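Those letters in the sequence shown? Residues 16 to 194, by the numbering used here.
For each residue, glycine too, the CB sits at the ideal point set by N, CA and C.
Keep in mind the model is a prediction, meaning the values are calculated, not measured.
To start, the structure itself, in structure tokens.
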Amino acid sequence: LPSEGSCAVIAVRVPEADEATLRVRQEQLLSSISLLCETIHRQAATVTVDDVLYAFVPMSSERDAERVTSLAHRIAEVADERLGMPATIGVGSRVPLRDARRSRHEADRVLDVMGANDDHSRVATIDDVRADVILADVRAAVDPAALERGPLRTLLERDTKGVLVPTLRAYLDCFGDVS
16 LPSEGSCAVI AVRVPEADEA TLRVRQEQLL SSISLLCETI HRQAATVTVD DVLYAFVPMS
76 SERDAERVTS LAHRIAEVAD ERLGMPATIG VGSRVPLRDA RRSRHEADRV LDVMGANDDH
136 SRVATIDDVR ADVILADVRA AVDPAALERG PLRTLLERDT KGVLVPTLRA YLDCFGDVS
């Protein structure tokens, strides 16, 4: 691999299946991903780690960076149409080669968010879901009991009909815009 330049990591997860079926699906998809990645950069590398397939895509130009998201969509198409398995795909940001680990972490976080929320497409970049990733990090860092103290606790106690909390949530989701 070149010592200078940038890269992005694409993480791909296929639906759960029994161990033998999963391994066969992963091998088939990994071969397809390898071929597709080489269209962007001949030194692209692919690997399977646990239940996730990774594509490490070096980039030598801005045009390559634009093509990574298109590549992720193409991988989804191949997985679905040719191999009959819907894949979930997360794309990390473009980073210097020495920071490839950060791009992989971002791609993994995209998969985590997509797995927890059904409101995302099958392909997403870290920029597409960054707010959800940050909220997941905040939720993980905050003690859930702390959220039920103070005024929120009073609201929860008084919400006998189950309408006050959803109303507050809708208000906050709209950033206070009631128009």
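Among the options, nearest to residue i - alpha-carbon criterion
i: Ala-91; options: Glu-53, Ile-25 and His-120; result: Ile-25
i: Leu-45; options: Ala-23, Thr-63 and Ser-118; result: Thr-63
i: Asp-65; options: Arg-116, Asn-132, Glu-31 and Glu-81; result: Glu-31
i: Ser-75; options: Lys-176, Val-67, Ile-55 and Val-180; result: Ile-55
i: Asp-143; options: Glu-121, Leu-187, Val-157 and Arg-154; result: Glu-121
i: Val-83; options: Tyr-186, Asn-132 and Val-106; result: Val-106
i: Asp-79; options: Gly-20, Ala-185, Asp-114 and Asp-33; result: Gly-20
i: Arg-116; options: Leu-183, Phe-71, Ala-156 and Leu-179; result: Phe-71
Whole-angstrom C-beta distance between residue j and residue i, which should lie under 8 Å
i: Val-148; j: Arg-109; result: That pair is no contact at about 17 Å.
i: Arg-38; j: Met-100; result: The Cβ separation is near 13 Å, so there is no contact.
i: Leu-112; j: Cys-22; result: 5 Å
i: Met-129; j: Thr-169; result: Contact flag wrong, Cβ pair sits at about 35 Å.
i: Val-138; j: Ala-87; result: 5 Å
i: Leu-171; j: Val-180; result: 7 Å
Beta-bridge pairing of residue i - partner residues as DSSP gives them
i: Leu-68; result: Val-27 and Thr-63
i: Met-74; result: Ser-21
i: Val-138; result: Ile-104
Helix, strand or coil at residue i according to DSSP, with G and I counted as helix
i: Gly-105; result: strand
i: Thr-36; result: helix
i: Val-110; result: strand
i: Thr-84; result: helix
i: Thr-54; result: coil
i: Val-178; result: coil
Close-in-space but distant-in-sequence residues of the same chain around residue i (CB under 7 Å, 5 per side omitted)
i: Arg-145; result: none
Cβ-based neighbour list, residue i, same chain, cut-off 6 Å, excluding 5 preceding and 5 following
i: Val-93; result: Ser-47
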